[in-house]
Ligand SMILES: NC(=O)c1ccc[n+]([C@@H]2O[C@H](COP(=O)([O-])OP(=O)(O)OC[C@H]3O[C@@H](n4cnc5c(N)ncnc54)[C@H](OP(=O)(O)O)[C@@H]3O)[C@@H](O)[C@H]2O)c1
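Residue numbers (this note's numbering): -17 to 219.
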């Protein structure tokens, strides 16, 4: 891992990433850090969070990246990304219930893979609410704005800073303004283009694409992403 064109100059609001000691969250942390977005790495354990933040600072010298226990991390930013295994999704949201504030934006990247219950990673679990993101919307405190995104972006591609991403991020949410806010943040990562995929209920489809990609990746030995064709770059103004 290296950062040939790292530019950690900070001119953005911070983002908190719950579960950023793990694969996807850490990949997002280093990419955001490289884009000059201050990152607060969240973990159930403050020491583990600081250790991961330290690893990110090693990769991106000068980056604004700190670590904190999940609750403190979520308190410290207006935008919170949730990146935990589905088996801990509801528990994590329960633990954040007293912490999340109305008007915060919660970007949920969680995928209810059957692997969460020792099943296959190429199969999905049924979620009563329809999708992990809809479960998050039901569990988050009133006024927290939930969108879903990033399910099809592989942790390995994010973490390998030499890897050009050049792919789409499928964004679902009930309010255009919330998706715009999420897209403006996510598109700071070079090579990611956000596409409005409709209401939060569409997340049951976008989440399931992860299972599809896991099968493709295994067959072709790659880290594939998604690119929609015939689409002008969406205008998030
Ligand atoms: N990996 C990918 O390429 C990828 C791509 C797209 C979407 N996703 C989805 O993004 C989410 C995160 O994936 P990941 O691969 O980053 O997962 P991961 O590395 O297995 O876990 C992420 C973090 O979640 C926390 N965690 C793990 N088990 C937990 C538990 N039982 N209770 C509470 N917290 C727990 C851990 O942080 P602490 O122990 O430090 O709290 C861990 O570092 C998943 O829903 C996955 O399906 C992953």
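A virtual CB, placed ideally from N, CA and C, is assigned to each residue, including glycine.
Fair warning: this is a prediction, and the values are worked out from it, not measured in the lab.
Checklist entry - Between the segment 91 to 108 and the segment 130 to 150, do at least 3 Cβ pairs fall closer than 8 angstroms? => result yes
Next on the checklist: For residue 209 and residue 137, I'd like the C-alpha separation in whole angstroms.
Outcome noted: 17 angstroms
Checklist entry - Beta-carbon separation of residue 175 and residue 142 under 8 angstroms? => result no
Checklist entry - Per DSSP, what kind of secondary structure is residue 112 in: helix, strand or coil? => result coil
Item to check | residue 196 - DSSP class collapsed to helix/strand/coil | outcome: helix
Next on the checklist: In whole angstroms, give me the CA-to-CA distance for residue 23 and residue 214.
Outcome noted: 34 angstroms
Item to check | DSSP bridge partner residues for residue 0 (one or two, in chain order) | outcome: 24, 64
Next on the checklist: Quick check on residue 85: does DSSP put it in helix, strand or coil?
Outcome noted: coil
Next on the checklist: For residue 125, list the residues DSSP reports as bridge partners.
Outcome noted: Per DSSP, none; premise fails for residue 125.
Next on the checklist: Once DSSP output is grouped into helix, strand and coil, what is the label at residue 39?
Outcome noted: helix
Checklist entry - How many Å lie between residue 217 and residue 77 at the Cα? => result 36 angstroms
Item to check | Enclosing alpha helix (DSSP H) for residue 12 [first to last residue] | outcome: 5 to 16
Next on the checklist: I'd like to check one pair, residue 160 with residue 127: are the Cβ atoms closer than 8 angstroms?
Outcome noted: yes
Next on the checklist: So if DSSP puts residue 210 in a beta bridge, which residue, or which two residues, is it bridged to?
Outcome noted: Answer is none; residue 210 lacks a bridge partner.
Checklist entry - Quick one: is residue 207 buried, meaning 16 or more other Cβ sit within 10 Å of its Cβ, or exposed? => result buried
Item to check | Assigned secondary structure, residue 181 (DSSP; H/G/I helix, E/B strand, else coil) | outcome: coil
Checklist entry - So does residue 142 have its beta carbon nearer than 7 angstroms to some heavy atom of ligand 1? => result no
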